[in-house]
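Enquirer: One structure is given below, represented as structure tokens, and several questions about it will come after.
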Amino acid sequence: MKKVMLKTSLGVAVALASSQLLASGFALNEQSISGMGTGFAGRSSSAEDASTVFGNPAGMSRLKREQITVGGAAVIAKSDISGPGSNYGGETDGDMVPVVGVPMGYYVKPIDDHWSVGFGVYVPFGLVTDYGGDDAARYWGKKSHVEVITFQPTVSYAFNDKVSIGFGPTFNRIKGELGSNLNQSFIGQGDGEVKIKGDDTAVGYNIGILVQATDQTRLGLTYHSMVDYKLEGKTRVSSPLLGPFDGNKFDATLKIKTPESVDFSITHELDDQWTVYAGSTWTRWSRLEAITVNNELPAALAGSPIGSSFGTISEEQNWHDTWAHAIGVSYKVNKEWTLRTGFSVDQSPTNNHDRSPRIPTGDRKIFSVGAGWSPTEDMTIDVAYSYLWEEDTKVNNQPDSPTVGALKGSYQAKYENSAHGVGASLTYRF
């Protein structure tokens, strides 16, 4: 199979990134609504409900009653796009991200004074973007719909009342559907289209340690492992340029690794009412150097000048490692009500040279508020709201070959991104 470096939509096929989600790159933060209220500060040290299965599996040792936490969050995004757009024309009206829903569910059961077991279902990574058929970005990334769903059985062990550890293997299912248009005006035709679908299942793990350093202070450290995927699916190219192969589906494979991350946080109880939180997360986004899709083409097509362009499709990403930092505070009004707020800053892993309309993300700031209501000792309802705003970013995609220039043209735009996040969860203790 001939390898050709071609900047087309499949080049970022499962980069999974969206600047409108409330974490950098293509990661999602919304695995806990109680944590969302404090801007996810203290995520690995608070252990306030069963969502600690994700935040820090060692935190299950702090939950003395069997319990279940279920909930969900919604992300409502807005993008203002300005600039030249495409030299092939088209709109640049933004708002290419529909409302995104993020579900979650957890269960924890203490076995004795030392052992606890649990289970979690959550979405750690995902993307939904849809620029539409008339948008100027349609040749560089018209539509993306990718998600990762994780199932995590978990166990924790408390050595004593000061130190506990936790571990959980993760079973991760990734699937995606992506596509973009191909310009065919030079042969007197309307737009063609490229679509890819693929999926895979891979295994990773989460491990954590929780230390009660003093009567008022807890320290938590959590490691979320890298997960190595090999997506297998189909690529469909609709274009008369392919002759008798127009509209055919070709076997496609794509290898990608979701990055490992390390989260360290501190929870400090000032008194019976006030608690402060702080935390930092490091993510190894530098694993994403390039995205490459390999398509199995028939020999007659692979040997043709246009067909060879779809054999191997690759795009440079060259992401860099990032840090996120958060601070938060909660105030226990009374036995029933707890109020929360938090602020976080999050670096973008993209760079100015390789940024694409699928990944128009910049460094961001997030302000959060939340509340927990416990009408009985058995039940708590948590709600949270976050507002995200990003630094302005620019996309400047230029063709690197005559073939790319003919099929995709160029794309230049300035993005001003923001988003609202809302979430609610129910914790019930047995």
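Counted the way mature numbering (1 follows the signal peptide of the UniProt record, and there is no 0) counts, the sequence shown spans residues -23 to -1, 1 to 407.
The beta carbon of each residue, even a glycine, is placed where N, CA and C say it ideally should be.
Computed from a predicted model, the values in this text were never measured in an experiment.
Any idea if PHE227 is buried or exposed, counting beta-carbon neighbours within 10 angstroms, 16 or more meaning buried?
Expert: Numbered from its first residue, the sequence shown carries residue 227 at position 250. Answer is buried; the Cβ neighbour count reaches 16.
Enquirer: Let me know the secondary structure DSSP gives LEU(-2) once reduced to three states.
Expert: Counting from one through the sequence shown, the residue named residue -2 turns up at place 22. For LEU(-2), the pLDDT reaches just 49, beneath the cut-off of 50, and the residue's location in the model is therefore unreliable, although a value from the coordinates is still provided. DSSP places LEU(-2) in coil when its eight states are reduced to three.
Enquirer: What residue range is occupied by the uninterrupted beta strand (DSSP E) comprising ILE243?
Expert: Mapped onto the sequence shown, residue 243 falls at position 266. From DSSP, the beta strand (DSSP E) with ILE243 extends over 238 to 246.
Enquirer: Are the stretch 392 to 407 and the stretch 30 to 46 touching by the rule of at least three beta carbon pairs closer than 8 angstroms?
Expert: They touch, by the three-pair rule.
Enquirer: How is the beta strand (DSSP E) around THR260 delimited, first residue to last?
Expert: Mapped onto the sequence shown, residue 260 falls at position 283. From DSSP, the beta strand (DSSP E) with THR260 extends over 251 to 260.
Enquirer: Nearest CA to the CA of VAL372: which residue from ASN328, ALA135 and SER345?
Expert: By one-based count along the sequence shown, residue 372 stands at place 395. Of ASN328, ALA135 and SER345, the residue nearest in Cα terms is ASN328.
Enquirer: Among the candidates ILE184, GLN324 and THR191, whose CA atom is the shortest distance from the CA of PRO34?
Expert: Stepping through the sequence shown from its first residue, residue 34 is reached at position 57. Of ILE184, GLN324 and THR191, the residue nearest in Cα terms is ILE184.
Enquirer: Does the distance from the C-beta atom of VAL171 to that of ILE151 stay below 9 angstroms?
Expert: Residue 171 sits at position 194 when you count from the first residue of the sequence shown. Residue 151 sits at position 174 when you count from the first residue of the sequence shown. Cβ distance not < 9 angstroms, so VAL171 and ILE151 don't count as in contact.
Enquirer: Taking just the CA atoms, how far does THR289 sit from ALA277?
Expert: As a working mapping, residue 277 is identified with position 300 in the sequence shown. As a working mapping, residue 289 is identified with position 312 in the sequence shown. Distance between the alpha carbons of ALA277 and THR289 is about 16 angstroms.
Enquirer: Could you check whether PHE144 and THR127 sit closer than 9 angstroms to each other, using their CB atoms as the reference points?
Expert: The residue given as residue 127 occupies position 150 in the sequence shown. The residue given as residue 144 occupies position 167 in the sequence shown. Their beta carbons are not under 9 angstroms apart, which means THR127 does not touch PHE144 by this criterion.
Enquirer: Report the option in ASP223, ALA229 and LYS312 whose CA atom is closest to the CA atom of VAL270.
Expert: In the sequence shown, counting from the first residue as 1, residue 270 sits at position 293. When each option's Cα is compared against that of VAL270, the closest is ALA229.
Enquirer: Identify whether VAL76 lies in helix, strand or coil by the three-state DSSP scheme.
Expert: Translated into positions along the sequence shown, residue 76 becomes position 99. Here VAL76 sits in coil by DSSP.
Enquirer: How far does the alpha helix (DSSP H) with THR380 in it extend, from its first residue to its last?
Expert: As a position in the sequence shown, residue 380 is number 403, starting the count at 1. Residues 379 to 385.
Enquirer: Identify which residue in VAL188, LYS119 and VAL253 has its Cα closest to the Cα of SER333.
Expert: Taking the first residue of the sequence shown as 1, we reach residue 333 at position 356. Among VAL188, LYS119 and VAL253, the Cα nearest to that of SER333 belongs to LYS119.
Enquirer: Would you mind sorting ARG115 into buried or exposed? The rule is 16 or more other CB atoms within 10 Å of its CB.
Expert: Reading the sequence shown from its first residue, position 138 is the one you call residue 115. By the neighbour-count rule (16 or more Cβ atoms within 10 Å), ARG115 is buried.
Enquirer: In terms of residues, what are the limits of the alpha helix (DSSP H) holding ALA277?
Expert: Sequence index remark: in the sequence shown, residue 277 carries index 300 (1-based). Unbroken alpha helix (DSSP H) run through ALA277: 276 to 279.
Enquirer: Quick one: Cα of ALA361 to Cα of GLU246, how far?
Expert: Stepping through the sequence shown from its first residue, residue 361 is reached at position 384. Stepping through the sequence shown from its first residue, residue 246 is reached at position 269. Between ALA361 and GLU246, the C-alpha separation is close to 21 angstroms.
Enquirer: Check for me: the alpha helix (DSSP H) holding MET203 runs from which residue to which?
Expert: As a first step, residue 203 must be located in the sequence shown, where it is residue number 226. Unbroken run through MET203: none, as it is neither H nor E.
Enquirer: Report back the beta-carbon spacing between TRP117 and ASN374 to the nearest angstrom; my notes put them in contact at under 8 angstroms.
Expert: Within the sequence shown, the letter at position 140 stands for residue 117. Within the sequence shown, the letter at position 397 stands for residue 374. Indeed, because the Cβ distance is near 5 angstroms, the residues count as touching under 8 angstroms.
Enquirer: Only counting the same chain, and skipping five residues up and downstream in sequence, which positions put a Cβ closer than 6 angstroms to that of ALA135?
Expert: For the purposes of this step, residue 135 is identified with residue 158 of the sequence shown, where counting begins at 1. Result list for ALA135: SER38, HIS91 and SER141, in chain order.
Enquirer: Figure out for me which residue from TRP262, ASP377 and HIS330 has the closest Cα to the Cα of ALA301.
Expert: One-based indexing of the sequence shown puts residue 301 at position 324. Checked all of TRP262, ASP377 and HIS330; the closest Cα to ALA301 is TRP262.
Enquirer: For TYR99, which residues from the same chain have a beta carbon less than 7 angstroms from its beta carbon, with the 5 sequence-adjacent residues on both sides left out?
Expert: The count along the sequence shown starts at 1 and reaches residue 99 at position 122. The answer, listed in chain order, is GLN8, PHE31, MET81 and THR127.
Enquirer: Can the beta-carbon of VAL188 be found less than 9 angstroms from the beta-carbon of VAL204?
Expert: The residue given as residue 188 occupies position 211 in the sequence shown. The residue given as residue 204 occupies position 227 in the sequence shown. Result no, Cβ atoms of VAL188 and VAL204 do not sit closer than 9 angstroms.
Enquirer: Would you report the Cα separation of LYS391 and GLY349, rounded to the nearest angstrom?
Expert: Taking the first residue of the sequence shown as 1, we reach residue 391 at position 414. Taking the first residue of the sequence shown as 1, we reach residue 349 at position 372. Going by the C-alpha atoms only, they are around 39 angstroms apart.
Enquirer: Report the CB separation of LYS234 from GLY210 in whole angstroms; it is logged as a contact under 8 angstroms.
Expert: For the purposes of this step, residue 234 is identified with residue 257 of the sequence shown, where counting begins at 1. For the purposes of this step, residue 210 is identified with residue 233 of the sequence shown, where counting begins at 1. No, LYS234 and GLY210 are not in contact; Cβ-Cβ is about 18 angstroms, not under 8 angstroms.
Enquirer: Can you check which of these residues, TYR84, ILE304 and LYS309, is closest to GLY319 by C-alpha distance?
Expert: To locate residue 319, count along the sequence shown from 1; it is residue 342. Nearest option by C-alpha distance: ILE304.
Enquirer: Taking TYR116 as part of the alpha helix (DSSP H), name the residues at either end of that continuous run.
Expert: Locating residue 116 in the sequence shown gives position 139, where the first residue counts as 1. Where TYR116 is concerned, the enclosing alpha helix (DSSP H) stretches over 115 to 118.
Enquirer: Is it buried or exposed, MET73, if we count other Cβ atoms within 10 angstroms and call 16 or more buried?
Expert: Along the sequence shown, one-based indexing puts residue 73 at 96. Buried, because 16 or more other Cβ atoms sit within 10 Å of the Cβ of MET73.
Enquirer: Are GLY167 and THR244 touching if we call contact CB-CB under 9 angstroms?
Expert: The residue labelled residue 167 in the question sits at position 190 within the sequence shown. The residue labelled residue 244 in the question sits at position 267 within the sequence shown. Their beta carbons are not under 9 angstroms apart, which means GLY167 does not touch THR244 by this criterion.
Enquirer: What is the rounded straight-line gap between the Cα of GLU292 and the Cα of ASP112?
Expert: As a working mapping, residue 292 is identified with position 315 in the sequence shown. As a working mapping, residue 112 is identified with position 135 in the sequence shown. Going from the Cα of GLU292 to the Cα of ASP112 covers about 21 angstroms.
Enquirer: Going by DSSP in three states, GLY220 sits in which element: helix, strand or coil?
Expert: Taking the sequence shown and counting its residues from 1, the one referred to as residue 220 is at position 243. DSSP places GLY220 in helix when its eight states are reduced to three.
Enquirer: Suppose only complete runs of 4+ residues qualify. What are the alpha helix (DSSP H) ranges in the stretch 104 to 156, listed by chain order?
Expert: Within the stretch 104 to 156, the complete alpha helix (DSSP H) runs of at least 4 residues are 115 to 118.
Enquirer: State buried or exposed for ASN295, treating a residue as buried only when at least 16 other CB atoms are found within 10 Å of its CB.
Expert: Stepping through the sequence shown from its first residue, residue 295 is reached at position 318. Counting Cβ neighbours within 10 Å, ASN295 comes out exposed, since fewer than 16 surround it.
Enquirer: Please list the terminal residues of the continuous alpha helix (DSSP H) segment that includes GLY12.
Expert: On the sequence shown, residue 12 is found 35 positions in, with the first residue counted as 1. Per DSSP, GLY12 belongs to the alpha helix (DSSP H) from 10 to 14.
Enquirer: With 16 other CB atoms within 10 Å as the buried threshold, where does GLY220 fall?
Expert: Position 243 of the sequence shown, counting from 1, holds the residue named residue 220. With fewer than 16 other Cβ atoms within 10 Å, it is exposed.
Enquirer: Alpha carbon to alpha carbon, what distance is there between TYR364 and LEU(-3)?
Expert: The count along the sequence shown starts at 1 and reaches residue -3 at position 21. The count along the sequence shown starts at 1 and reaches residue 364 at position 387. For LEU(-3), the pLDDT reaches just 47, beneath the cut-off of 50, and the residue's location in the model is therefore unreliable, leaving the point undetermined.
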